[in-house]
Amino acid sequence: MSSYPSIDTEVLRTFVAIADQGGFTRAGELVNRTQSAVSMQMKRLEEDVLQRRLFERDGRQVKLTAEGQVLLGYARRILKLHSEVFNTLREPHMVGTVRIGTPDDYVMRFLPGILQRFAQFYPLIEIEVHCESSKQLLQRQDLDLSIVTRKPGDEIGQLLRKERFVWAEAACFNVHEKTPLPLAMFNSDCFCRQWACNALDAMGRDYRVAYNSSSLSALMAVVGAGLAITAQLESLLPADMRVLGEAEDLPELPEASIMLIRNLHNPSPITECLAEHIVEGFKL
């Protein structure tokens, strides 16, 4: 029987931290190791254990090679199973509080299923949910986990999913035929609003922001009443909305990245357990 060298879970944890943080220094802060120690760990992993190149340097950023991407998938699964074993057998009754932040966009669509499954494993953990914009969440230091929307090339943390923005209106109305085009959008500091307005400006289409709010449910109520159209992530649209596009003389919009950010200064087993459930929940 052939034997293979083993990979320590701490090495895998460091590797995942590098992938999530985009560099050795920030990863070292997360796993409580110096940058040189992290570099030595990864050098041994590449040269002695796997004999594969895992990283490419792009200025100050570190990116994964194709082989690194393959290892990342396995590493996350191994660490998840490792955590489940210890949490189930050694700490089945973990208690404590986890503070998570998210735009209210994702509360109804994703959080119910995630929190339901999490509660089955850890019924004694208290969850605090703070709903704010992505911009506000990125400025907070008191949250354990934050779910934020980021522009391409501006990602930080762990990617949960990529998704396109789309134009939408209530299926029983033809608001897209109005001139100027009435829009229901998030407040002015939201980059998706900037995308939508810039795209309409570029094609020369006359529009006005008729309604703005920080609440997705408020925007959906306005659109559902046939008062405006909106631009939102496709998965957030209710069943009574229809997607609009080129046929309605509307420009294509870019994709956005939904990211999970961990608090580097306050890691805990409880937080990591919830993070794993969030990652799984956003795949559904």
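So the sequence shown is residues 303 to 586, counted in our numbering.
Every residue gets a Cβ at the ideal spot worked out from N, C-alpha and C, and that includes glycine.
Of Leu-447, Tyr-424 and Arg-419, the smallest CA-CA separation from His-432 is found for Leu-447.
At a Cβ-Cβ threshold of 7 Å, Leu-485 and Val-511 count as neighbours. Here Val-340 carries a helix assignment [DSSP, helix/strand/coil]. When DSSP states are grouped into helix, strand and coil, Phe-475 belongs to the coil group. Ser-435 sits buried, since 16 or more C-beta atoms from the chains shown fall within 10 Å of its C-beta. With a 10 Å radius around the Cβ and a threshold of 16 neighbouring Cβ atoms, His-579 comes out buried. In this model, Ile-563 and Glu-312 are separated by some 20 Å (Cα to Cα). For Glu-312, the uninterrupted alpha helix (DSSP H) run begins and ends at 311 to 323, by DSSP.
In this structure, Ile-416 sits away from Gly-526, with a CB-CB distance that is not shorter than 7 Å.
Around the beta carbon of Pro-405, 16 or more other beta carbons sit within 10 angstroms, so the residue counts as buried. Among the bridge pairs identified by DSSP, Asn-514 is matched with Met-487.
Taking C-beta atoms as the reference points, Gln-460 and Asp-322 count as a pair closer than 7 Å.
Residue nearest to Arg-401 within the set Pro-425, Lys-480, Arg-463 and Leu-445 is Leu-445 (criterion: CA-CA distance). A distance below 7 Å separates the beta carbons of Met-505 and Pro-553.
Beyond the five residues adjoining it in sequence on each side, Val-351 comes within less than 7 Å, by CB distance, of Pro-307 and Ile-309 in the same chain, given in chain order. For the pair of segments examined, the region 420 to 427 was found not to touch the region 366 to 384: the number of CB pairs separated by less than 8 Å stays below three.
Check the Cα spacing between Arg-463 and each of Gln-496, Ile-449, Thr-336 and Ala-498: the tightest is with Ile-449. Looking at the backbone, the Cα of Glu-550 and that of Leu-529 are separated by about 17 Å.
Between Gly-325 and Gly-370, the alpha-carbon positions lie close to 14 Å from each other. Taking 4 residues as the minimum length, the alpha helix (DSSP H) runs contained wholly in the region 393 to 439 are 413 to 423, in order along the chain. Of Glu-557, Leu-314 and Ala-523, the smallest CA-CA separation from Asp-456 is found for Glu-557. Here DSSP, grouped into helix, strand and coil, assigns Thr-573 to helix. For Gln-496, there is no enclosing beta strand (DSSP E); the residue is found in the alpha helix (DSSP H) stretching over 493 to 505.
Selection Val-333, Asp-542, Leu-555 and Pro-540 evaluated against Ala-533 yields Leu-555 as nearest (Cα-Cα).
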